[in-house]
Amino acid sequence: MMTLRRYGFWFLLAAAIIFPFAFYSSDMSARRELSMVERIVFAVTKPLEAVFSVFTSGLGETFRNYVQLRGAREEAMALRSENAELQVRLQLMRELELENGRLRKLLSFVDRQGLKFISGRVQNADPTFLFQSVRVDRGQSIGSMPGMGVLSADGVVGVVMRSGTSWSDVLLVTDPNSNLDVIVSRNRRRGIIEGTLGRKMRFKYLDQGSRIQPGDEVVTSGLSGPFPRGITVGKVVSTGYEGTAQTGDAPGLPPMEIEPAVEFGELSEALILLNLNHEVDVIRRVGGAEWMDKLMETASGRPASQ
Amino acid sequence: MTSVFPPRTFHFLGVMLFLFALFFVQLRILSGASSLWAQVDLVTVFVAYVSIEHFLGGAVIKAMAAALLLECFSAAPAGFYVMYYLVVLVCGNILARRLALHNVLSQLAAFVAILALKLVLLYVLFWVQGRPLPLAALARFLPSLLSTVLCAMPLLGVFSRFDALFEFLPVKERRTHEAQA
Numbered sequence: 003m004m005t006l007r008r009y010g011f012w013f014l015l016a017a018a019i020i021f022p023f024a025f026y027s028s029d030m031s032a033r034r035e036l037s038m039v040e041r042i043v044f045a046v047t048k049p050l051e052a053v054f055s056v057f058t059s060g061l062g063e064t065f066r067n068y069v070q071l072r073g074a075r076e077e078a079m080a081l082r083s084e085n086a087e088l089q090v091r092l093q094l095m096r097e098l099e100l101e102n103g104r105l106r107k108l109l110s111f112v113d114r115q116g117l118k119f120i121s122g123r124v125q126n127a128d129p130t131f132l133f134q135s136v137r138v139d140r141g142q143s144i145g146s147m148p149g150m151g152v153l154s155a156d157g158v159v160g161v162v163m164r165s166g167t168s169w170s171d172v173l174l175v176t177d178p179n180s181n182l183d184v185i186v187s188r189n190r191r192r193g194i195i196e197g198t199l200g201r202k203m204r205f206k207y208l209d210q211g212s213r214i215q216p217g218d219e220v221v222t223s224g225l226s227g228p229f230p231r232g233i234t235v236g237k238v239v240s241t242g243y244e245g246t247a248q249t250g251d252a253p254g255l256p257p258m259e260i261e262p263a264v265e266f267g268e269l270s271e272a273l274i275l276l277n278l279n280h281e282v283d284v285i286r287r288v289g290g291a292e293w294m295d296k297l298m299e300t301a302s303g304r305p306a307s308q
Numbered sequence: 002m003t004s005v006f007p008p009r010t011f012h013f014l015g016v017m018l019f020l021f022a023l024f025f026v027q028l029r030i031l032s033g034a035s036s037l038w039a040q041v042d043l044v045t046v047f048v049a050y051v052s053i054e055h056f057l058g059g060a061v062i063k064a065m066a067a068a069l070l071l072e073c074f075s076a077a078p079a080g081f082y083v084m085y086y087l088v089v090l091v092c093g094n095i096l097a098r099r100l101a102l103h104n105v106l107s108q109l110a111a112f113v114a115i116l117a118l119k120l121v122l123l124y125v126l127f128w129v130q131g132r133p134l135p136l137a138a139l140a141r142f143l144p145s146l147l148s149t150v151l152c153a154m155p156l157l158g159v160f161s162r163f164d165a166l167f168e169f170l171p172v173k174e175r176r177t178h179e180a181q182a
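In structure tokens, the structure reads:
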């Protein structure tokens, strides 16, 4: 005890010098799973969080249910959830119409009726104010897994980063660790966008010679990742200078900013896309549903999601 | 202030519960605020307070608990807040020994330095990953930093009042008592 008192500060100073070196030399990407210690902390705080949530949400619920019209709120929330699903299906149909209108010779047809959604409520945002994530109240009990896409009525929200039994942490598309394969609707130019520390995104990579202008809509490409083709991601709001930006001409071209279609500050409901990713769907069609389900069951150690 | 509860163990448990309450306020209420001025980093102010006023062992436990809580619920890379709060503990200890932190200006300067340190570590994080940030990107966090610094002054008073409920003496006063004894 005396040793700790006398030399405790120096141990702490040594830890504070050594730990940053270890941290910065490790893999610092956004984490997929909680570590054992973090799971213990989470389990310990779960009851406290539940008490706090009951207290704060109980007061709010009482006001909403009895002071305002009874029953109207539940009906409105159910309608909103249904509307969100329909809006997403409408966007998919709109993209199909555009494809047919351009008379593409090679159509890679995907059975869009096979897409499955589950809606969830957004519980809270990232408490650090630096990184960008939200927690949704749906988890592994309904089949949510890391890597699944998350949408809202307005467009792409992000990707499930990790999930527990009844919750899923979603890494927003505006987070710096987020990457998304997209195309520009107007000219079908493909690129990859990443989040920034602000509330916008920027092109990390873009096809050489692409001409981008403010107002161009950016949608998911469907070529990789968990999202099907045609889901709205955002709109180009800045090309760094007047007029059209063209890649490949000026090495020092300022990055093009994309404003997300989703207003994350007002996000209250999200749809988790239960189809894991496009590549898995292709394998499922080739190998057969039964073979795929057995493979997923073996790999994950639990029954495959429906 | 007359003590209400027995000391030490109950003080530790009480402080931990207080930390959880602060964290959940930050998680459920402040994180959802649309205005950047409402994003007050209560947990970091708490960690800075315990690093200055509490004994080292207890301060380390409380700071690490705060770091683990934040990392469980956020997209921060594993270890980022552990690293940050380790450095805050060291800086808080050094500041407590070297500066007269009862002066308002020195307290303000200390908190500005501690909160700016978070942005510095974030900048280094992206620089090491090969994605250096423009300094203008960090300017987005200035409203949050300023509002946290302004709220830190009254929060320190709240924290010390809370400690006084348990007859807790800050580390400096206890050392003075021991030296006199």
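If you read the sequences in order, they're chains A and B.
Oh and the first sequence: position 233 is 235 in the numbering used here, straight run, nothing missing.
Oh and the second sequence: position 4 is 5 in the numbering used here, straight run, nothing missing.
We treat Cβ as the ideally placed atom computed from N, Cα and C, and that holds for glycine.
Residues of its chain near residue i, where Cβ-Cβ distance is below 7 angstroms and the 5 sequence neighbours each way are ignored
i	result
residue 61(B)	90
residue 50(B)	157, 160
residue 21(B)	none
residue 139(B)	120, 124
Inter-residue CB distance, residue i and residue j (contact presumed, cutoff 8 angstroms)
i	j	result
residue 154(A)	residue 86(A)	6 angstroms
residue 1(A)	residue 236(A)	Since the first and last residues shown for chain A are 3 and 308, residue 1(A) lies out of range.
residue 198(A)	residue 29(B)	26 angstroms between Cβ atoms; not a contact.
residue 86(B)	residue 46(B)	No, residue 86(B) and residue 46(B) are not in contact; Cβ-Cβ is about 12 angstroms, not under 8 angstroms.
residue 75(B)	residue 167(A)	Their Cβ separation, rounded to whole angstroms, is 19 angstroms, which puts residue 75(B) and residue 167(A) out of contact at 8 angstroms.
residue 77(B)	residue 36(A)	Rounded, the Cβ-Cβ distance is 12 angstroms, inconsistent with contact.
residue 261(A)	residue 202(A)	6 angstroms
residue 21(A)	residue 73(B)	Contact flag wrong, Cβ pair sits at about 19 angstroms.
residue 221(A)	residue 194(A)	In fact, because the Cβ distance is near 13 angstroms, the residues do not count as touching under 8 angstroms.
residue 27(B)	residue 34(B)	In fact, because the Cβ distance is near 10 angstroms, the residues do not count as touching under 8 angstroms.
Backbone secondary structure at residue i - three-state DSSP
i	result
residue 163(B)	helix
residue 56(B)	coil
residue 41(B)	coil
residue 240(A)	strand
residue 89(A)	helix
residue 251(A)	No answer about residue 251(A) holds up, because its pLDDT of 42 lies below 50 and its placement is not dependable.
residue 315(A)	Any answer about residue 315(A) is impossible in this case: the structure gives chain A only from 3 up to 308.
residue 276(A)	coil
residue 48(B)	helix
residue 165(A)	strand
residue 113(A)	Because the pLDDT of residue 113(A) is 42, which lies under 50, any placement of that residue in the model is unreliable, and the number read from its coordinates should be weighed accordingly. If DSSP states are grouped into helix, strand and coil, residue 113(A) belongs with coil.
residue 130(A)	coil
residue 145(B)	helix
residue 108(B)	helix
residue 179(A)	coil
residue 197(A)	strand
residue 214(A)	strand
residue 41(A)	helix
residue 36(A)	coil
residue 225(A)	coil
residue 121(A)	strand
residue 98(B)	helix
residue 15(A)	helix
Residue j beta carbon less than 8 angstroms from that of residue i
i	j	result
residue 175(A)	residue 272(A)	no
residue 274(A)	residue 122(A)	yes
residue 134(B)	residue 127(B)	yes
residue 69(B)	residue 219(A)	no
residue 240(A)	residue 265(A)	no
residue 32(B)	residue 127(A)	yes
residue 116(B)	residue 146(B)	yes
residue 143(A)	residue 173(A)	no
residue 141(A)	residue 170(A)	yes
residue 52(B)	residue 93(B)	yes
residue 118(B)	residue 88(B)	yes
residue 25(B)	residue 54(A)	yes
residue 276(A)	residue 119(A)	yes
residue 200(A)	residue 141(B)	yes
residue 192(A)	residue 146(A)	no
residue 80(B)	residue 25(A)	yes
residue 73(A)	residue 57(B)	no
residue 1(B)	residue 44(B)	Nothing in the structure corresponds to residue 1(B), since chain B is present only between 2 and 182.
is_contact[residue i, chain D] using C-beta, thresh 8 angstroms
i	result
residue 145(B)	Absent from the structure is chain D; the protein chains it does hold are A and B.
Contacts around residue i, its chain only, beta-carbon distance under 6 angstroms, and the 5 residues preceding and following it disregarded
i	result
residue 112(B)	150, 153
residue 270(A)	124
residue 8(A)	none
Subject >> Residues of the segment 61 to 74 of chain B with Cβ closer than 8 angstroms to any Cβ of chain A, in chain order >> reply: So the close ones are 61, 66, 69, 70, 71, 72, 73, 74.
Subject >> Contact residues within the segment 116 to 130 of chain A, judged by C-beta distance below 7 angstroms to chain B >> reply: Residues of the segment 116 to 130 of chain A with a Cβ closer than 7 angstroms to any Cβ of chain B, in chain order: 126, 127, 128, 129, 130.
**OP:** Taking only beta carbons into account, state which residues of the segment 134 to 162 of chain A come closer than 8 angstroms to chain B, listed in chain order.
**Re:** Those residues of the segment 134 to 162 of chain A that come within reach of chain B (Cβ to Cβ, closer than 8 angstroms) are 134, 135, 137.
Original post:
Of the residues that make up the segment 5 to 25 of chain B, which ones have a beta carbon closer than 9 angstroms to any beta carbon in chain A?
Top reply: Those residues of the segment 5 to 25 of chain B that come within reach of chain A (Cβ to Cβ, closer than 9 angstroms) are 18, 21, 22, 24, 25.
**OP:** With 7 angstroms as the limit, tell me which residues of the segment 38 to 51 of chain A have their beta carbon closer than that to any beta carbon of chain B; keep them in chain order.
**Re:** Within the segment 38 to 51 of chain A, 39, 40, 43, 44, 47, 50, 51 place their CB atoms closer than 7 angstroms to a CB of chain B, listed in sequence order.
**OP:** Return the residues of the segment 204 to 218 of chain A that lie within a Cβ-Cβ distance of less than 7 angstroms from chain B, sorted by chain order.
**Re:** Residues: none.
**OP:** Residues of the segment 30 to 56 of chain B with a CB closer than 7 angstroms to any CB of chain A: list them in chain order, please.
**Re:** Flagged, chain order: 32, 33, 35, 40, 42.
Original post:
Given a limit of 8 angstroms on CB to CB distance, which residues of the segment 78 to 99 of chain B reach chain A?
Top reply: Taking a C-beta cut-off of 8 angstroms against chain A, the contacting residues of the segment 78 to 99 of chain B are 78, 79, 80, 81, 82, 83, 84, 87, 88, 90, 91, 94, listed in chain order.
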